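As structure tokens, the structure follows; a few thoughts come after it.
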DNA sequence: TTGGCATTTCGGTGGGCGCCGAATCGTTCG
DNA sequence: CGAACGATTCGGCGCCCACCGAAATGCCAA
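Protein chains in written order, with our numbering: chain Y, 6 to 250; chain Z, 6 to 250.
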């Protein structure tokens, strides 16, 4: 009756196959239909139908490149909403050894649209706070870039534009850590920088990220961050944690 | 395979009946099952099943009061996520005269969980900015309370506690205005204050809010805000508007 | 032009689930 | 206690839609 189409958008994400595709696209990359069909474990025909619905619903966009069609999330807003729902979802029970390792890899380091998330993402954010480049205001739950942070960003050649529509820094709730990590321009530039330096690379086509040996050195040198983190298997309980029934 | 249950939560919101209930509960109130059944236009038996699923999924909570059971959103996080999805949804075409007036009422003034939204919500937020009580930073997309705002809040008897877990002020994207309005403690206290003063009242059991005559005076006196807004039928195009295909 | 590859369209099938009526449970009245 | 009422459970019906195979389309390379 007075429903402003909430169920239409939600239903698009409410199918297991489409959800798997969306979660996979949260890596922020452009992927062909065949790859997404493989991820969702459905026939190409089925995947095509799903992708058409997602495009129709405005959740993803498509680019033609020759005989390939590459699909990606339609906007950062979509990524933000998906992350929000993910943060509501209960932590899933592990179903297999394979799933468990993939789980652990995701928790450790992944891309969230165009920035870094997981233990690596929150660790980098914490390090930038420790170094005085970022300030976190727990009262407003905001992240801001300091002058020192701005000049440091210039040293690294990050492109930061205050006049742009997206904020310079923005806290993004990490669904695995239940804490905030840096998104916005800083998050995006930091991720891009680390990828171009070869310090982190994508593992496969999804969101999982791997830190290279040079990356390990760079993390220690620039951020004073030990990687892999101590007690990697154990989840460090941190402040700002939120409990769910 | 690697789906962290996105589709489970999304599917809960992906049914038209459940979505209608959730949207109705966005008013922030506790409602009995029968009321929600009426809203969703389904039999009590069906509504009961839906509500059980929503509780099971952690989206709503239930309180027993005698032979009644009152349902409400489980947390502000849920409300935030629902608003997020709503902001992705295309503006729905009007289906009937009744729906059209309800639409217009929703756009004009409604509650978003525990704070005010719609033209009234953004108008109040703008007024607080004009009066120097709030500052909006478009670079970070943040709202902050000024010293003048803090003392003004004290004048009105608002309970603001910086040590609380929820931020003092927080920008919340308004799906009908496509702009930000004030949420957080300030938003909640302002709404509670205006309700107890009798300046705004709920119209029916839903989210629609009506401004009383005293409310109209108070809005002019305290905020310099004309109500109803000029050209109420026409939607004023505002900055920050986002186009959708 | 032809062949190959990625993707889409179409028809048909099956399962899941939203829906209701009837019966049941629990609470609060008279 | 019994009647009334709100809410839930159960059984069964029906529809929607995810799914696939087969065929068609579009694009590129020889």
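Just so it is clear, CB atoms sit at the ideal spot from N, CA and C, and this is done for glycine as well. Remember, it's a predicted structure, so these values are computed and weren't measured experimentally.
Whole alpha helix (DSSP H) runs in the stretch 116-195 of chain Y with 4 or more residues, listed along the chain? As summarised for the stretch 116-195 of chain Y, the continuous alpha helix (DSSP H) elements at least 4 residues long and confined to that stretch are 123-135, 152-161, given in chain order.
Do you know whose CA, among 150/Z, 144/Z, 31/Z, lies nearest residue 134/Z's CA? Closest by C-alpha distance to residue 134/Z, out of 150/Z, 144/Z, 31/Z, is 150/Z.
Sequence-distant residues of its chain with Cβ nearer than 6 angstroms to residue 192/Z (five each side left out): Take residue 192/Z, set aside five residues on each side of it, and the residues of its chain with a beta-carbon closer than 6 angstroms to its own are 120, in chain order.
Short check: CB of residue 49/Z to CB of residue 144/Y, under 8 angstroms? Cβ distance not < 8 angstroms, so residue 49/Z and residue 144/Y don't count as in contact.
Measure the alpha-carbon distance for residue 107/Y versus residue 202/Z and round it to whole angstroms. If I take the Cα positions, the gap works out to 55 angstroms.
Please classify residue 52/Z: does DSSP put it in a helix, a strand, or coil? It is helical.
Can you give the Cα-Cα distance for residue 22/Z and residue 204/Y, rounded to whole angstroms? Rounded to the nearest angstrom, the two C-alpha atoms are 48 angstroms apart.
Test: residue 234/Z CB closer than 8 angstroms to a CB of chain Y: No, because no Cβ of chain Y sits closer than 8 angstroms to the Cβ of residue 234/Z.
Bridge-paired residues (DSSP) for residue 206/Y: Per DSSP, 215/Y.
Simplified DSSP assignment, three categories, for residue 47/Z: Under the three-state reduction of DSSP, residue 47/Z is assigned to coil, being neither helix nor strand.
Among 70/Z, 168/Z, 35/Z, whose alpha-carbon lies nearest the alpha-carbon of residue 118/Z? Of the listed residues, the one whose Cα sits closest to residue 118/Z is 35/Z.
Cross-strand partners of residue 68/Z (DSSP beta bridge): Residue 68/Z is bridged to 75/Z.
Coil, strand or helix - residue 233/Y by DSSP: In the structure shown, residue 233/Y sits in coil (DSSP, three-state: anything other than H, G, I, E or B).
Pairs of beta-carbons, one from the stretch 177-186 of chain Z and one from the stretch 175-193 of chain Y, closer than 8 angstroms: are there three or more? The stretch 177-186 of chain Z is not in contact with the stretch 175-193 of chain Y.
Tell me the rounded alpha-carbon separation between residue 152/Z and residue 168/Y. Approximately 27 angstroms, taken between the alpha carbons.
Mind checking residue 72/Y: buried by the 16 CB within 10 Å criterion, or exposed? Flag for residue 72/Y reads exposed.
Report the rounded CA-to-CA distance for residue 164/Z versus residue 157/Z, giving the unit in angstroms. C-alpha of residue 164/Z to C-alpha of residue 157/Z: approximately 12 angstroms in a straight line.
For a contact defined as C-beta to C-beta under 9 angstroms, what are the partners of residue 37/Y on chain Z? Within chain Z, no residue comes near residue 37/Y; the closest Cβ sits about 18 angstroms away, beyond 9 angstroms.
Quick check: the stretch 228-237 of chain Y against the stretch 52-70 of chain Y, are there 3 or more CB pairs under 8 angstroms? Too few Cβ pairs lie closer than 8 angstroms, so no.
Which residues does DSSP pair with residue 37/Z in a beta bridge? Beta-bridge annotation (DSSP): residue 37/Z is paired with 75/Z.
Using a Cβ-Cβ distance under 8 angstroms, would residue 249/Z count as near chain Y? Its pLDDT being 36, under 50, residue 249/Z is placed unreliably in this model, and the value from its coordinates should be taken loosely. Judged by the 8 angstroms Cβ criterion, residue 249/Z is in contact with chain Y.
Apart from the five residues just before and just after residue 132/Y, which ones in its own chain have a Cβ nearer than 7 angstroms to its Cβ? So the qualifying residues of the chain are 228, 229, 230.
So for residue 95/Z, helix, strand or coil by DSSP? Reduced to three states, the DSSP call for residue 95/Z is coil.
Candidates 40/Y, 38/Y, 27/Y, 127/Y, of which the one nearest residue 81/Y by Cα: Comparing Cα-Cα distances from residue 81/Y to each of 40/Y, 38/Y, 27/Y, 127/Y, the minimum goes to 27/Y.
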